[in-house]
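Everything below concerns the one structure shown next.
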Amino acid sequence: MAAMLVCLAMIAAAALAGAPGASGQELTADYYAESCPQALATIQLVVGAAIVKEPRMGASLVRLHFHDCFVNGCDGSILLDDTDDMIGEKTAQPNNMSVRGFDVIDAIKSAVNTACLGNVVSCADILAVAARDSIVALGGSSYDVLLGRRDATTASLDDADDSIPNPFMDLPELAANFESQGLTLRDLVVLSGAHTLGYSRCVFYRDRIYNETDTLDPSYAASLDARCPPAGEDEPLASLDDTPTTVDTDYYRGLMQGRALLHTDQQLYRGHGGASDGMVRYYAENPDKFAEDFGAAMLKLGGLGPLTGDEGEVREDCRVVNQQ
Ligand code: HEM
Ligand SMILES: *[C@@H]1O[C@H](CO)[C@@H](O)[C@H](O)[C@H]1NC(C)=O
Ligand SMILES: *[C@@H]1O[C@H](CO)[C@@H](O)[C@H](O)[C@H]1NC(C)=O
Numbered sequence: 001m002a003a004m005l006v007c008l009a010m011i012a013a014a015a016l017a018g019a020p021g022a023s024g025q026e027l028t029a030d031y032y033a034e035s036c037p038q039a040l041a042t043i044q045l046v047v048g049a050a051i052v053k054e055p056r057m058g059a060s061l062v063r064l065h066f067h068d069c070f071v072n073g074c075d076g077s078i079l080l081d082d083t084d085d086m087i088g089e090k091t092a093q094p095n096n097m098s099v100r101g102f103d104v105i106d107a108i109k110s111a112v113n114t115a116c117l118g119n120v121v122s123c124a125d126i127l128a129v130a131a132r133d134s135i136v137a138l139g140g141s142s143y144d145v146l147l148g149r150r151d152a153t154t155a156s157l158d159d160a161d162d163s164i165p166n167p168f169m170d171l172p173e174l175a176a177n178f179e180s181q182g183l184t185l186r187d188l189v190v191l192s193g194a195h196t197l198g199y200s201r202c203v204f205y206r207d208r209i210y211n212e213t214d215t216l217d218p219s220y221a222a223s224l225d226a227r228c229p230p231a232g233e234d235e236p237l238a239s240l241d242d243t244p245t246t247v248d249t250d251y252y253r254g255l256m257q258g259r260a261l262l263h264t265d266q267q268l269y270r271g272h273g274g275a276s277d278g279m280v281r282y283y284a285e286n287p288d289k290f291a292e293d294f295g296a297a298m299l300k301l302g303g304l305g306p307l308t309g310d311e312g313e314v315r316e317d318c319r320v321v322n323q324q
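Residue numbers are given in UniProt numbering: position 262 of the sequence shown equals residue 262, and the series is strictly consecutive.
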């Protein structure tokens, strides 16, 4: 009996510490407590200043972490610039002309390198912490971020194209995409709640507003038509929910009203009474549960395939692999 309790306690402790990386070493909450006690406060300060300057930046930083983690794990690969020998992830379809926040990551990296008196904090960890700090700065609840990720020494445009979901997928494809990362349908619905923040370019919602009128609220459609012409300009932005700089559950309420901007968002609530419909309704009605489950799902996202121990490196400059 006692042995069983000890065993259960060990399983619980392992779950708390997160999945081990390939090296067997686990991420931990206090990874920088000795090596750089100022690290987290420094990141928070730079994130806060960037969001004051431009509130959308919080959304952009959250998305960067997601797009990093879905491509071979949370390893900072998205931050690498192209070189003569390597085409990185920045111009992959889901990222090209779309992911942003690289200058803010550079500013954070330079601030932590100064605060830590050296190159201590990995770029992959910076992305995870910056995402959490963005959520909190824009009114969301805080959640634990585990640390100790190391940075990749390579990146892949093809892997980014293959792994990151695109906004034209139907629900089964979305669910399969998340499942291939070890994430459930509920994780899909909860993490899509990140679309409580930020904007999309016309090129990603044009099809929806002109060709999905059956699931689209007419007055919402009319307001979008004026912004995003049937052909031509791809850039005009529309917000992903009615309150794009506040973390709340308006996103889920919008889905229930046919006011999803992206095809993929509306797929989560089709009014057919499917499992994801029920989850959308639940989060629309229970903001506290959303806050709780979102934090847990972000922890799971941040635990995808990290490099740990002596794998990879801690990049000096997030855009380039260290010189040998
Ligand atoms: C489920 C599949 C998903 C698809 C198909 C998808 C697709 C998109 C698209 C097309 C945009 C607009 C990008 C642009 O026009 O530049 C966007 C924005 C955004 N996405 Fe997602 N997304 C998904 C899931 C997620 C997840 C899981 C997160 C984070 C946990 C996330 C966070 C964001 C944020 C915060 C923005 C706004 C970015 C900004 O304004 O700079 N998305 N997404
Ligand atoms: C990225 O977008 C630019 C500008 O639209 C375009 O010229 C370029 O071909 C795109 N790159 C890729 C790899 O699709
Ligand atoms: C709507 O769908 C039709 C048929 O698939 C397609 O030809 C057309 O380009 C689409 N319109 C827009 C604005 O996406």
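Beta carbons: idealized from backbone N, C-alpha and C, even for Gly.
query, result
"Per the contact definition of three or more C-beta pairs closer than 8 Å, is the stretch 292-305 in contact with the stretch 176-192?", "yes"
"Whether or not the stretch 195-208 and the stretch 241-248 are in contact is what I'm after, with contact meaning three or more pairs of Cβ atoms, one per stretch, closer than 8 Å; do they touch?", "yes"
"Output the distance between the C-alpha atoms of D309 and E26, rounded to the nearest integer angstrom.", "According to the sequence shown, residue 309 is Gly rather than Asp. Each residue's Cα considered, the two are about 8 Å apart."
"So, with DSSP's three-state summary, where would you put residue 326?", "A query on residue 326 cannot be resolved here, the shown segment of the chain reaching from 1 to 324 and no further."
"Would a C-beta distance cut-off of 8 Å place D144 and A291 closer than the cut-off?", "no"
"Answer yes if the stretch 129-142 comes into contact with the stretch 159-178, meaning at least three C-beta pairs across the two stretches below 8 Å, and no otherwise.", "no"
"Please classify L16: does DSSP put it in a helix, a strand, or coil?", "Any reading at L16 is ruled out, since the residue's pLDDT is 44, under 50, leaving its predicted position unreliable."
"Quick check on this structure: which residue in L224, F178, G140, L171 has the alpha carbon closest to the alpha carbon of D288?", "G140"
"Nearest by alpha-carbon distance to G76: which of Q323, V314, Q324 is it?", "V314"
"Rank L40, T213, E54, A49 by C-alpha distance to the C-alpha of I126 and give the top, closest one.", "L40"
"Tell me whether D159 sits in a helix, a strand or coil according to DSSP, three-state version.", "helix"
"Would you mind sorting residue 384 into buried or exposed? The rule is 16 or more other CB atoms within 10 Å of its CB.", "Any answer about residue 384 is impossible in this case: the structure gives the chain only from 1 up to 324."
"What's the gap between the Cα of G274 and the Cα of M169?", "17 Å"
"Quick check: what's the CA-CA separation for R206 versus T264?", "13 Å"
"On the premise that G101 lies in contact with S142, defined as a C-beta separation below 8 Å, what is that separation, rounded to the nearest angstrom?", "That pair is no contact at about 20 Å."
"Which term fits V52, buried or exposed, when burial requires 16 or more other beta carbons within 10 angstroms of its beta carbon?", "exposed"
"Among Y31, D241, D81, which one has its Cα closest to the Cα of C318?", "D81"
"Taking the alpha helix (DSSP H) that S219 falls in, what are its first and last residues?", "218-225"
"So, using beta-carbon positions, are V190 and D84 closer together than 8 Å?", "no"
"Alpha carbon to alpha carbon, how far is T215 from V129? Give it in angstroms, no decimals.", "37 Å"
"May I have the straight-line CA-CA distance separating F204 from L224, to the nearest angstrom?", "12 Å"
"Can M57 be considered in contact with ligand 2, in the sense that its beta carbon sits closer than 7 Å to one or more heavy atoms?", "no"
"Taking the CB atoms as reference points, tell me whether S192 and V120 lie closer together than 8 Å.", "no"
"Please report the straight-line C-alpha distance between T154 and A284, rounded to a whole angstrom.", "40 Å"
"Under a three-way DSSP split, which group does V145 fall into?", "coil"
"Label H67 either buried or exposed according to how many other C-beta atoms from any shown protein chain fall within 10 Å of its C-beta, with 16 as the threshold for buried.", "buried"
"Just the Cα atoms here: how many angstroms apart are I209 and N96?", "22 Å"
"What are the boundary residues of the beta strand (DSSP E) that includes L237?", "237-239"
"Under the criterion of a Cβ to heavy atom distance below 7 Å, does T83 qualify as lining ligand 2?", "no"
"Return the CA-CA distance between Q93 and G278, expressed in angstroms with no decimal places.", "32 Å"
"Report the option in S122, L237, G73 whose CA atom is closest to the CA atom of Y32.", "S122"
"Could you give the C-beta distance for V46 and A107, rounded to a whole number, given that I count them as a contact under 8 Å?", "5 Å"
"Do M97 and ligand 2 come close, with the Cβ less than 7 Å from some heavy atom?", "yes"
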